[in-house]
Amino acid sequence: MAEKDIAEKTLEAYNDVFADIVNVLLFSGKLVVKEDDLEEESPYSSYKADGKLHAQERDVAKYWRFGLVRIAFYGLENQTVIDSDMPLRLFGYDGAAYRAQLLTNKKAARYPIITLVLYFGYDKYWNVPTTLYDSLSIPEELKPYVNDYKMNLFQIAYLSDEQVQMFQSDFHIVADYFVQMRKNRDYTAPDTTMKHVHELLQLMSVMTRDNRFKDVYSPEMEGGNTKMCEVLDKIENRGISKGITKGENNAFSLVKFLISNNRIDDLEKASEDEAYRNKLMAELFPNKPDDK
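Read in order, the letters of the sequence shown are residues 1 to 292 in the working numbering.
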């Protein structure tokens with residue numbers, strides 16, 4: 001899980017990807033937040049509990065600014081599993097970000113904190129509370145006095161096709177992958193070029209648990225001309241080539257065994273009869289490991 005989290009953070013940390021996510025999910029694809037208007041912020045904050053100072057870390061965090069004026073603080077939180085305590089966690093993150101404003105210039109204008117939760121699960125819809133109010137067991141007489149907090153949840157696999165098409169960055173490929181997997185349990189790569197090839201293939205590798213995505217990467221793929229469909233072609237061709245090599249090695253092992261055991265009749269029959277050859281392979285090398 002940690003590797004997946006790191007891969008997600010690496011891709012989303014790029015300003016073009018970060019701005020694209022915010023613009024599509026919050027502003028229906030309108031170019032409201034520009035990548036040049038984003039300022040890096042440390043994802044770390046702290047809180048005191050049990051007399052000790054504890055660190056807490058967001059996934060990705062950036063300021064949205066106009067010139068020197070900060071308009072808002074955006075945070076992204078990636079979830080691959082459902083977490084019923086998510087509203088409480090976010091309340092802590094946002095509270096720490098508001099408190100940080102008290103420690104800065106007292107005359108500076110205060111700005112809002114906005115956190116987006118990106119849920120990547122496609123097997124199960126998010127079915128636990130998304131508000132602080134619903135996460136707590138509150139006595140009826142106290143309910144009027146409990147302040148609520150609502151998390152901004154976006155279920156990537158359940159976005160509409162129209163929403164997926166709004167993405168202009170590499171996140172389009174990520175969103176398209178999850179939507180396809182939810183609908184079809186299969187993935188057909190789009191004819192879309194990639195900008196951050198290494199980071200995207202790393203993410204695809206951990207999401208699919210298929211190391212071939214990162215193994216097929218080479219620096220020559222950078223430059224904005226590589227398409228995901230071409231990457232899948234390379235992966236497929238690599239598998240075919242590997243299969244041919246494996247078949248050649250297995251055939252050589254069979255010939256060597258039959259000759260060394262003076263089974264010339266079996267060798268002649270195996271050379272002419274594929275079914276018989278496969279039968280001998282299964283009998284003689286039943287536990288022969290696949291080449292990796």
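All C-beta atoms, glycine included, are put in the ideal place defined by N, C-alpha and C.
Query, Result
"DSSP three-state assignment for Arg-99, whether helix, strand or coil", "helix"
"Close Cβ partners of Gln-165 (< 7 angstroms) along its chain, the five nearest in sequence each way excluded", "none"
"Nearest residue (CA-CA) to Ile-71, options Thr-130, Tyr-187, Val-33", "Val-33"
"8 angstroms Cβ cutoff met for Ile-114 and Tyr-74", "yes"
"For Ser-293, the nearest candidate out of Asp-85, Asp-170, Lys-234 (CA to CA)", "The structure shown does not extend to residue 293, since the chain is modelled only from 1 to 292, so the question has no answer here."
"Alpha-carbon to alpha-carbon, Ala-282 and Leu-26", "58 angstroms"
"Element boundaries [beta strand (DSSP E), containing Asn-152]", "152 to 155"
"Cβ-Cβ distance between Phe-18 and Val-60 below 8 angstroms", "yes"
"Strand pairing of Val-69, partner residues [DSSP]", "Phe-66"
"Gly-75 - partner residues in DSSP beta bridges", "Ala-61, Thr-115"
"Where the alpha helix (DSSP H) through Gly-222 begins and ends", "The sequence given here places Glu at residue 222; Gly does not occur at that position. Looking at the DSSP string, Glu-222 is not in any alpha helix (DSSP H), and its letter there is neither H nor E."
"Simplified DSSP assignment, three categories, for Leu-38", "strand"
"Entirely enclosed alpha helix (DSSP H) segments - the region 165 to 210, minimum 4 residues", "171 to 184, 197 to 208"
"Beta-carbon proximity check, Met-228 vs Pro-190, cutoff 8 angstroms", "yes"
"Pick from Glu-272, Ile-264, Asp-265, Leu-254 that is closest to Leu-280, judged by C-alpha positions", "Leu-254"
"Which of helix, strand or coil DSSP assigns to Thr-131", "strand"
"Buried or exposed by the 16-neighbour rule on C-beta atoms within 10 Å, applied to Ala-157", "buried"
"Proximity of Met-204 and Tyr-122 at Cβ, strictly below 8 angstroms", "no"
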